[in-house]
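Right, one structure below, let's go through it.
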Amino acid sequence: MAEIIVMPKLGLTMTEGNLSNWRKAEGDRIEQGDILFDVETDKLSNEIEAKVSGVLRKILVRDGEVEVLRPVAIIGTEDEDISALLAEAGGSVPQAGTGELNRPEAAEAGDAPLSDAVEAAAVEGRIKASPLAKKTAAELGADLTRIPGTGPGGRITAADVQRFMASSGEKKAKASPAAVKTAAALGVDISGIDKDGRIMKSDVQAHFAKANAQPGDAGSEPAEMTRRVPMNAMRKVIAKRMRESQEISPAVTYNLKVDTTNLGLLREQLKDSCKVTYTDLLVKIAAKALIEHPLLNCSIENDELVLRSYANIGVAVGLEDGLVVPVIKNADRKGLREIAEEARALVGKARNNGLASSDMSGGTFTITNLGMYGMESFTPIINQPEVAILGVNAILETPVAVNGQVAVKPLMNLSLAADHRAVDGAVAAAFMQKLKQYVETPALLLL
108 MAEIIVMPKL
118 GLTMTEGNLS
128 NWRKAEGDRI
138 EQGDILFDVE
148 TDKLSNEIEA
158 KVSGVLRKIL
168 VRDGEVEVLR
178 PVAIIGTEDE
188 DISALLAEAG
198 GSVPQAGTGE
208 LNRPEAAEAG
218 DAPLSDAVEA
228 AAVEGRIKAS
238 PLAKKTAAEL
248 GADLTRIPGT
258 GPGGRITAAD
268 VQRFMASSGE
278 KKAKASPAAV
288 KTAAALGVDI
298 SGIDKDGRIM
308 KSDVQAHFAK
318 ANAQPGDAGS
328 EPAEMTRRVP
338 MNAMRKVIAK
348 RMRESQEISP
358 AVTYNLKVDT
368 TNLGLLREQL
378 KDSCKVTYTD
388 LLVKIAAKAL
398 IEHPLLNCSI
408 ENDELVLRSY
418 ANIGVAVGLE
428 DGLVVPVIKN
438 ADRKGLREIA
448 EEARALVGKA
458 RNNGLASSDM
468 SGGTFTITNL
478 GMYGMESFTP
488 IINQPEVAIL
498 GVNAILETPV
508 AVNGQVAVKP
518 LMNLSLAADH
528 RAVDGAVAAA
538 FMQKLKQYVE
548 TPALLLL
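For the sequence shown, the residue numbers in the working numbering are 108 to 554.
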């Protein structure tokens, strides 16, 4: 039985999501658990899985902002009548004589209907073929008007298309509809394109450019030396947020070296009762310093500064395909043990794709640690709508002058990026001095 697929509600406060990419095309066979599409929210990219198995009969919303629980697709059996569901979902029912021309390669701009033959035949009368058969015909370059159907009422099935191509002896390269159309326009013989998988529009364009390149032409390097990789949903969110931050915040970066001798001793003293990382310690230190310097903990709304009496510290977590920033809420009111345990739990959820939107909302300040990669200084980008972010660098054994003598100390460079609209240089410097004070004399945290 066909079912309507809706935009899921991924968090208590979510009202809409950005449908950024379909992983499946109309006519594709769907198994329960397959990734159907990607949804971006303010803080997270999500891969939405199919709850049922069947054929993706209709995509109702290709992309863009979609309210939660709004229908976005219909999954059913290959020959099922979905007209009632289309009407219920507000979609259009195909009219007799026009055909239902699916677009299996929706990700390629400029896709045409499945084939010129199908389009021409549809003008005279509807070709009775399943969506999967139409897709298969487009991939194999088959003319549906020449294929007898063995399905109900003479309907053409995917198996009919495959049998026809096998029995006719026609061998054509597997290509997307857009690739076929582009090849015809450019005069490219698709059979001359050497590719193991399906030939796409970009493959045809690259083949044409290589064949017609002149010596010295800009961009005439061999196609095999370059490749284009589409951004995944998470990378799109990161790219959008980082660009917005750079456009919104006039950021200034402040660097200060701190001596971590006593901080290291504190970690050593606590290891038997509570395993804490330098990041855990810095979360506690930053939270305490933020309460004392509220401008670093504020946000800007119109012409007002929103000051807070609590500190929610986001901790950047690097993943294989991007990064996320889970938030330790009310860090200023929590002890080191609670902070360390919560941080470990959030990092574990992040690396297992288990974070909820609520885990990444409400941050007032962010810490990003690249010390494990040997970084000595960098300029972090502010996580909107916050006004500051602290970059943590490597701890390096460094010669320093102590009472006229040379001594080696474990020094760490802290890099603070702050929005100058809210935070002047003197305010940022005072905050950094307070961080330095707590790092070098952690006993002050007890006061």
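For glycine and all other residues, C-beta sits at the position ideal for the given N, C-alpha and C.
Is the Cβ-Cβ distance between residue i and residue j less than 8 Å?
| i | j | result |
| --- | --- | --- |
| ALA457 | VAL424 | yes |
| LEU163 | GLU187 | no |
| ALA353 | ILE488 | Checking the sequence shown, residue 353 turns out to be Gln, not Ala. Going by C-beta atoms, GLN353 is nearer than 8 Å to ILE488. |
| HIS400 | LYS308 | no |
| THR360 | THR486 | yes |
| MET114 | VAL159 | no |
| ALA394 | ALA438 | yes |
| ALA240 | THR257 | no |
| ILE182 | ALA196 | no |
| VAL179 | VAL168 | yes |
| LEU497 | LYS364 | no |
| ALA292 | PHE271 | no |
| ARG444 | CYS381 | yes |
| GLY478 | VAL499 | yes |
| SER237 | ARG253 | no |
| ILE345 | LEU453 | no |
| ILE392 | VAL546 | yes |
| THR548 | ASN369 | yes |
Given a threshold of 16 other Cβ atoms within 10 Å of its Cβ, counted over all protein chains shown, does residue i qualify as buried or as exposed?
| i | result |
| --- | --- |
| GLU207 | Because the pLDDT of GLU207 is 36, which lies under 50, any placement of that residue in the model is unreliable, and the question is left without a value. |
| GLY118 | buried |
| ASP410 | exposed |
| LYS441 | buried |
| SER283 | buried |
| VAL515 | exposed |
| THR386 | buried |
| THR122 | exposed |
| GLU375 | exposed |
| GLU427 | exposed |
| ALA550 | exposed |
| LYS165 | buried |
| PRO357 | exposed |
| GLU147 | buried |
| LEU412 | exposed |
| GLY481 | exposed |
| THR475 | buried |
Looking only at C-alpha atoms, which of the options sits nearest to residue i?
| i | options | result |
| --- | --- | --- |
| LYS343 | LYS116, GLU110 and SER127 | SER127 |
| LEU553 | GLY421, ALA418, LEU373 and HIS400 | LEU373 |
| LYS543 | LEU193, HIS400, ARG334 and THR367 | THR367 |
| LEU414 | LEU397, MET519 and LEU430 | LEU397 |
| ASN339 | GLU156, PHE144, THR384 and ARG305 | PHE144 |
| THR184 | ASP170, PRO255 and GLU110 | GLU110 |
| ASP466 | LEU443, GLY511 and ILE420 | ILE420 |
| ASN362 | ILE300, GLY469, GLU174 and ALA535 | ALA535 |
| LEU403 | LEU523, ALA285, GLY260 and ASP387 | LEU523 |
| THR473 | PRO492, TYR480 and GLN376 | PRO492 |
| ASN490 | GLY299, TYR417 and MET349 | MET349 |
| ASN460 | ARG130, GLN139 and LEU151 | LEU151 |
| GLU156 | LYS165, LEU251, LYS131 and ARG169 | LYS131 |
| VAL295 | SER190, ALA318, PRO506 and VAL175 | ALA318 |
| ASN153 | ASP526, PRO337, ALA463 and GLU445 | ALA463 |
| ARG335 | SER274, GLN312 and LEU370 | GLN312 |
| PHE315 | ARG305, GLY304 and GLY299 | GLY299 |
| ALA495 | SER468, HIS527, ASP310 and GLY478 | HIS527 |
| ALA418 | ASP267, LYS302, VAL390 and ILE345 | VAL390 |
| GLN139 | ASP170, GLY161, ALA194 and SER468 | GLY161 |
| LEU192 | ILE112, LEU377 and SER275 | ILE112 |
| ALA266 | ALA286, GLY260, VAL287 and ALA244 | ALA244 |
| VAL434 | SER416, SER468 and MET108 | SER468 |
Assuming residue i is part of the beta strand (DSSP E), what are its boundary residues?
| i | result |
| --- | --- |
| ASP145 | 142 to 147 |
| LYS165 | 161 to 166 |
| ALA180 | 178 to 183 |
| GLU187 | Note, GLU187: premise wrong, no beta strand (DSSP E); not H, not E. |
| GLY134 | No beta strand (DSSP E) holds GLY134; DSSP gives it neither H nor E. |
| VAL113 | 110 to 113 |
| SER152 | 152 to 156 |
| SER237 | First-last for SER237: undefined, no H or E at that position. |
| LEU251 | From DSSP, LEU251 is part of no beta strand (DSSP E); its letter is neither H nor E. |
| SER127 | 123 to 129 |
| GLY89 | With the chain covering only 108 through 554, there is no way to say anything about residue 89. |
Within the continuous alpha helix (DSSP H) that includes residue i, where are the two ends?
| i | result |
| --- | --- |
| ILE306 | Counting along the chain, ILE306 falls outside any alpha helix (DSSP H), and DSSP gives it neither H nor E. |
| ASP267 | 265 to 275 |
| LEU363 | No alpha helix (DSSP H) contains LEU363, which is instead part of the beta strand (DSSP E) from 358 to 366. |
| VAL546 | 532 to 547 |
| ILE345 | 340 to 355 |
Counting only C-beta atoms, is residue i closer than 8 Å to chain B at any point?
| i | result |
| --- | --- |
| SER465 | Here there is only one protein chain, and chain B is not present. |
Could you give the uninterrupted runs of the beta strand (DSSP E) lying entirely in the stretch 457 to 517, keeping only those of 3 residues or more? 472 to 476 and 495 to 509
Going residue by residue through the stretch 378 to 455, where are the continuous alpha helix (DSSP H) segments of at least 4 residues, counting only ones entirely within it? Given a length threshold of 4 residues, each whole run of the alpha helix (DSSP H) inside the stretch 378 to 455 is given here in chain order: 385 to 399.
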